[in-house]
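One structure is given below, encoded as structure tokens.
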Amino acid sequence: MKLVELKQAQKTAISNLKKRRFDELQFYTFKKDRSVIVKLTENAAKLIESGYQNETVDLDDSNAKRLLKTAFGREFPRSHKVYFSSVKAKK
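Each position in the sequence shown, counted from 1, maps to that position plus 178 in the working numbering.
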């Protein structure tokens, strides 16, 4: 895991939804007690929040950017940096 800026993490998540380089992206707070996880399958994407709000949401092209930004704002309200981890896509 590496520590990245919050805005860079948001851009990474959104660009991965378009390019599908990773199967799973994980973002954690410094204490690792709250997280946002984006899981990609062949034809779908899921957003999993755990922390302030525990919820799983299906993402599609029309609502993905908005849902990601609100999830990041809700789970990381005072954070400037988050831990980032990814799982490579198998080809």
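Glycine included, C-beta positions come from ideal geometry on N, C-alpha and C.
Residue i classed as buried or exposed, judged by whether at least 16 other C-beta atoms fall within 10 angstroms
i, result
"V265", "exposed"
"A222", "exposed"
"R198", "exposed"
"A187", "buried"
"E227", "buried"
Residues near residue i by beta carbon distance below 6 Å, same chain, minus five either side
i, result
"V182", "F262"
Beta carbon of residue i nearer than 8 Å to that of residue j
i, j, result
"L203", "I192", "no"
"L195", "A242", "yes"
"D201", "G229", "no"
Cβ neighbours of residue i in the same chain (closer than 8 Å, five flanking residues each side left out)
i, result
"S257", "L184, T207, F208"
"Q231", "R252, E253"
Top-ranked residue by Cα proximity to residue i, from the options
i, options, result
"L245", "E220, S213, L225", "L225"
"L218", "V260, K180, D238, K247", "D238"
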